[in-house]
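As they're listed, the protein sequences go chains B, H, S and X.
For our numbering, add 31 to where a residue sits in the first sequence, where the first one is 1.
For our numbering, add 31 to where a residue sits in the second sequence, where the first one is 1.
For our numbering, add 43 to where a residue sits in the third sequence, where the first one is 1.
For our numbering, add 43 to where a residue sits in the fourth sequence, where the first one is 1.
In this text, a Cβ means the ideal position worked out from N, Cα and C, and glycines have one as well.
Step one of this worksheet: look at the structure below.
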Amino acid sequence: MTDINTKIELICFIANLLKDTNHVAVGAASPIPGAAALLAKEVYGSPRHVNILGSVKNNFFTNGAQELFDCAAQGRIDAFFLSGGQIDGSANINLMGVGDYPTNSPRWSGTFGSAYLYFLIPKVILFREEHSRRVLVDKVDFISAPGASEDNIYRTGGPYGLLTNKAFFKFNKQTRRFSLQSIHEGSSLEDILNNTGFSFDYQPNTPQTVLSSQKMRQTLQQNTRPKIEEVYPQFARTLFANTEQTS
Amino acid sequence: MTDINTKIELICFIANLLKDTNHVAVGAASPIPGAAALLAKEVYGSPRHVNILGSVKNNFFTNGAQELFDCAAQGRIDAFFLSGGQIDGSANINLMGVGDYPTNSPRWSGTFGSAYLYFLIPKVILFREEHSRRVLVDKVDFISAPGASEDNIYRTGGPYGLLTNKAFFKFNKQTRRFSLQSIHEGSSLEDILNNTGFSFDYQPNTPQTVLSSQKMRQTLQQNTRPKIEEVYPQFARTLFANTEQTS
Amino acid sequence: MTTSLRELVAHIESGMSVAVPTDYSGVAMSAIREIIRQDIKKLHLIGVPTCGLQAELLIGAGAVEVFESSALTLGEYNPAPCFSRAVKNSTIKLIDATCPAIHAALQASQKGIPFMPLRGIIGSDLLNHHPNWKTIQNPLAEQEDPIVIIPAIKPDFALFHAPLVDEHGNVWVGRRKELVTMSQASRGALVTAEKLYEGNLLEDEKLAAGTLPSLYVTASAVTPNGSWPLSFWHGRDEDSEHLKLYCKMAKTEEGFREYLDQFVFQEVSQ
Amino acid sequence: MTTSLRELVAHIESGMSVAVPTDYSGVAMSAIREIIRQDIKKLHLIGVPTCGLQAELLIGAGAVEVFESSALTLGEYNPAPCFSRAVKNSTIKLIDATCPAIHAALQASQKGIPFMPLRGIIGSDLLNHHPNWKTIQNPLAEQEDPIVIIPAIKPDFALFHAPLVDEHGNVWVGRRKELVTMSQASRGALVTAEKLYEGNLLEDEKLAAGTLPSLYVTASAVTPNGSWPLSFWHGRDEDSEHLKLYCKMAKTEEGFREYLDQFVFQEVSQ
């Protein structure tokens, strides 16, 4: 699969994860999740509300930067996306850096809102294209936000699953482990096992990820495209560079 | 003195109390303090900021009804006015009603913001025109807001003094008592003692309240009048009904 | 997307808690009368931070079980006759607060936190009677430093009158940010609006700065003159003659019944 | 009432704490370069809730003693070279937070309360390293319910770039309410603005809804293109070529010095 086709498949896959939501918020530099939310709205009519943070036009918050966090705490955001420089098998994420805090090297940007939103948004989808032992580690060097919490901790949200360019895992809150759901075209169970630094549950006969329908790709091309172009002009240019290839 | 002249003297008197302030906030139904704040701004250039609550035009708050309270807590309001259905000798005020709570009869409106603002605004001027044993009581039936607090209580504000249509008292934080400062024209020490339900400190030779200067009354008539008319049209009509009388 | 006043009010069920703003913020008086016509009862009414004629009418009509606010005032038309009777006869439960505590309780709900600390209050008799407030030691202070904590209030609905609503359900509230707080603190907002705005309020950055997004709005109805007989900050003056008439009629229980007949029950539901 | 950029920045003294907004809110880059020219040092810089090039430049110039924020990101131009060096060599003190905690700390200051409770955070390693946060038992809960309390942050100044200022010192910030929070939480606000608004921003109710009143504004300077080379939400796009150049030059300490010489010290103070 071409890189572009992989991105289109990821967009369609995520869109299908969002069809039971009312309000999806998307971080500023997240074109694939953003495109997916816009596509789901187009195809399913839900989410009804898509909020692209950092954007002026596609962000309906009016109460300042704090509104995202208030809104999440009110239970009014159903899905969100987080990533990590490191993600471990307990769904802990590390956005801080490698090595011992505070002298990490490399030091990444920092924790952003993850230490809060991960607790309060019901369907947090961990999304990281790179699927390697460098990223998917046994234990993160710094827990920016924990994947699970003790029963006495107020927590209404958490990880739903982990999507990479090789596979999709669901997270099991009880066992606190990922379980492999499907393997994308071009990868294999062996490839996944070789490139994942944490242990996870899987069936030997894990199915291949179902490819997107032609109808969905068409909708993306024809209906969602202008909206994506509005929010992510550069990304749209790459994505729709060769429209023949994708339909 | 006519009723109108008394009101004008009260306005000028209060204006003189405000000349060391930067920001004066005034409650909605308080035409005399409001006029005084506008006059002080006119005559002394301070307060620089006058905020008439409940007004659209003369209220510069833009962050909703909560901004008054935030602003007070930030230490950005220097003077405010409170009143009371009952006020006692310890400067406790009662805005709740007569008799035992909750079945007061009469029941007054309620405590409003007094239980908070009284603690946080440095110069709170108690203002009540009626000077009688009905209002100025030995002990209020309900403490809406206390006049003084123990040392371990966070308190950056409190009562500065009490102004009625008979006299002006200052409040002494140490002794927690009022002391009579001056007696308005038309009243006397005997009259004050007869009509005050709480005990207070006084000198046998308490001076008469100094009448306003003609210059101040002129400024009120000529410069402040249009601003007062804007905020308190009905009050202005009464106050400036017979302009000859007042100058 | 906008609905009728009747359908708007039908979202409110007996026993619910409803937050309403003070007179200068925009009071949905038409909706208040519709509540009485729909015979909705046992309301927990929260006046943010104080309340006026709307509480007086609802209390008089027997629709209020709990009244939580910092004051009930008719301004220059005080005292409020039905409120006075209800207090004297203990026919409503009172939760008396102070303005910033009402705001703090709603802001706590808006932020999804269990409580908000607040200065002041200590030494006020309010603290002895309030069922929910609690004094704690400031956990950050080394010296003794008592502070009151105000538990969150999460109303079922916020109900108010605004200048503009658009067909997407966005509502322009301008500087009246307490309406945003009330709405975000509640499960949803019910809004009557003076006018329908053609277009999308969020697409004009000037208007967007004073707009409550539709995400928080359960229903809205275009209701011109919806604050009558009260004034509206973005338009009309109060109907002083009517307010005087009200005070006269409501002096007695019978007179108040007559007022309801004439001005509430005979009004046609929209 | 407006002043020069030079005088505006002169309010800031070495050792002060300064709150600055994140890139999409309006960053006063001109003022940041002026801070470097005025050789102001030992700043406690608070990124609300995250920070970008402005922190990177100040850190590189050695102006920052403490950096308190939830992230330092140059977006697609990451990693930030000076920040990376400073972290590796421990030449700045870090107070790493999470976005809503920065907001909560400022809102606590805005409300004059010692702290604000906040959900989440427990189990994050942030909590083990933050010097001020504290976990307490929720005083209202009967069961075990730990909650983090965030102490107020009261900066000396808030510093940002806004679309409009008027001659009275009122500033239009539109939907960017975090700028209002930052300003009210601080001792005062220092504001550069794209344009002077003729008239009074508070006299137009539409504009008033997005206006920070002059009461909170210590000084303001009209500084067109004041966010350069960053984009500005109410106007310009970023100067991508310049940002690429920055990243290239700042890769080495020497290159960064050259960048400062060329683009900061040779710029004429207004």
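- Under 8 Å Cβ-Cβ, which residues of chain S neighbour N203(H)? When 8 Å is used as the limit between beta carbons, N203(H) is near no residue of chain S, the shortest such separation being about 18 Å.
- Message: Using a Cβ-Cβ cutoff of less than 7 Å, which residues in the same chain neighbour K38(H) once the five nearest sequence positions on both sides are dropped?
- Response: Excluding residues within five positions, the ones whose Cβ falls inside 7 Å are I63 and L270.
- Query: Taking just the CA atoms, how far does T65(S) sit from G95(H)?
  - Reply: Rounded to the nearest angstrom, the two C-alpha atoms are 12 Å apart.
- Query: Can you tell which of P160(X), L233(X) and G253(X) has its C-alpha closest to the C-alpha of T261(X)?
  - Reply: Closest in alpha carbon position to T261(X), among P160(X), L233(X) and G253(X), is L233(X).
- L250(S) (DSSP reduced to helix, strand or coil): Residue state, collapsed to three classes: helix.
- Message: In the DSSP assignment, the alpha helix (DSSP H) including T280(H) goes from what residue to what residue?
- Response: Any property of residue 280(H) remains undetermined from this structure, which presents chain H solely from 32 to 278.
- Query: With a Cβ-Cβ cutoff of 9 Å, do I145(S) and E111(S) count as a contact?
  - Reply: In this structure, I145(S) lies near E111(S), with their beta-carbon atoms less than 9 Å apart.
- Does S257(S) come within less than 9 Å of chain X when only Cβ atoms are used? Cβ-Cβ to chain X under 9 Å: no for S257(S).
- Under 7 Å by beta carbon: chain X residues contacting L161(S): In chain order: I156.
- Message: Closer than 8 Å is the cut-off here; do at least three beta carbon pairs connect the segment 204–212 of chain H with the segment 121–129 of chain H?
- Response: Taking one beta carbon from each stretch, the segment 204–212 of chain H and the segment 121–129 of chain H have 3 or more pairs nearer than 8 Å; the two touch.
- Message: I'd like to know if T266(X) contacts chain B, where contact means its C-beta is closer than 9 Å to some C-beta of that chain.
- Response: False, the Cβ-Cβ gap to chain B never drops below 9 Å.
- Task: Compute the Euclidean distance between the alpha carbons of L101(X) and Y67(X), then round it to the nearest angstrom.
- Result: Near 19 Å, if we compare the C-alpha coordinates of Y67(X) and L101(X).
- Beta-carbon separation of V214(X) and A205(X) under 9 Å? In this structure, A205(X) lies closer than 9 Å to V214(X) by Cβ.
- With a CB to CB cut of under 7 Å and the five nearest residues on each side skipped, what residues in its chain are close to W139(H)? In the same chain as W139(H), and ignoring 5 residues on each side of it, the C-beta atoms closer than 7 Å to its own belong to G116, L126, M127 and G128, in chain order.
- Selection of the segment 140–156 of chain H by Cβ proximity to chain S, strictly under 8 Å: Residues passing the 8 Å Cβ filter: S140, G141, T142, F143, G144, S145, A146, Y147, L148, Y149, F150 and L151.
- Message: For a contact defined as C-beta to C-beta under 7 Å, what are the partners of W276(X) on chain B?
- Response: Per Cβ cutoff of 7 Å: V87.
- Query: Shorter than 9 Å from the beta carbon of G106(H) to some beta carbon of chain X?
  - Reply: Yes, because at least one Cβ of chain X sits closer than 9 Å to the Cβ of G106(H).
- Message: Using a Cβ-Cβ cutoff of 9 Å, what residues of the segment 203–215 of chain S are near chain B? List them in chain order.
- Response: Taking 9 Å as the Cβ-Cβ cut-off against chain B, the residues of the segment 203–215 of chain S that qualify are N213.
- What are the residues that DSSP puts in a beta bridge with W215(S)? Per DSSP, L207(S) and T254(S).
- Rounded distance between the beta-carbons of V216(X) and V208(X), thought under 8 Å: 10 Å between Cβ atoms; not a contact.
- Classify V311(X) as buried or exposed, calling it buried when 16 or more other Cβ atoms lie within 10 Å of its own Cβ. With fewer than 16 other Cβ atoms within 10 Å, it is exposed.
- Message: Do M44(X) and P160(S) have their beta-carbon atoms positioned less than 9 Å apart in this structure?
- Response: No.
- Task: Alpha carbon to alpha carbon, how far is L48(H) from N254(H)? Give it in angstroms, no decimals.
- Result: Roughly 19 Å between the two C-alpha positions.
- N53(H) versus S180(H), F111(H) and Y191(H), residue with shortest Cα-Cα distance: When the alpha-carbon of N53(H) is set against those of S180(H), F111(H) and Y191(H), the nearest one is in F111(H).
- Item | Terminal residues of the beta strand (DSSP E) in which S263(X) lies | Unbroken beta strand (DSSP E) run through S263(X): V260 to V265.
- Take T254(S) as the anchor and find which of F275(S), R218(S), L286(S) and K238(S) has the nearest alpha-carbon. Here the closest residue by C-alpha is R218(S).
- Complete runs of the beta strand (DSSP E) confined to the segment 76–162 of chain H [at least 3 residues]: Complete beta strand (DSSP E) runs here, min 3: 80–83, 110–113, 117–119 and 154–158.
- Check whether the Cβ atoms of P137(H) and P122(S) lie closer than 9 Å to each other. Contact flag set, yes.
- Task: Determine the chain X residues that contact T52(H) at a beta-carbon separation under 8 Å, and present them in chain order.
- Result: Within chain X, no residue comes near T52(H); the closest Cβ sits about 13 Å away, beyond 8 Å.
- Item | Other residues of its chain near Y120(S): CB distance less than 6 Å, five sequence neighbours each side excluded | Cβ within range, chain order: L286 and C290.
- Message: Residues of chain B with CB closer than 7 Å to the CB of P122(X), please, in chain order.
- Response: Here the neighbours are P137.
- Task: Identify, in the order they occur along the chain, each residue of the same chain with its Cβ nearer than 8 Å to the Cβ of A53(X), setting aside the five sequence neighbours on each side.
- Result: Sequence-distant Cβ neighbours of A53(X) in its own chain, meaning closer than 8 Å and more than five residues away, are Q81.
- Message: Quick check: the Cα distance between Q276(B) and M247(B), rounded to an integer number of angstroms?
- Response: Low per-residue confidence applies at Q276(B): pLDDT is 44, beneath 50, and the placement is therefore not dependable enough to give any value.
- Within 10 angstroms of the Cβ of E77(X), are there 16 or more other Cβ atoms? Answer buried if so, exposed if not. Per the 10 Å Cβ criterion, buried.
- Task: Taking only beta-carbon positions, decide if N94(H) is within less than 9 Å of chain X.
- Result: True, the Cβ-Cβ gap to chain X drops below 9 Å.
- Message: Give me the subset of the segment 179–193 of chain X whose CB atoms are less than 9 Å from a CB atom of chain S, sorted by chain position.
- Response: For the segment 179–193 of chain X, the set of residues with a beta-carbon nearer than 9 Å to any beta-carbon of chain S comprises I179, N181, P182, L183, A184, D188, I190 and I192, in chain order.
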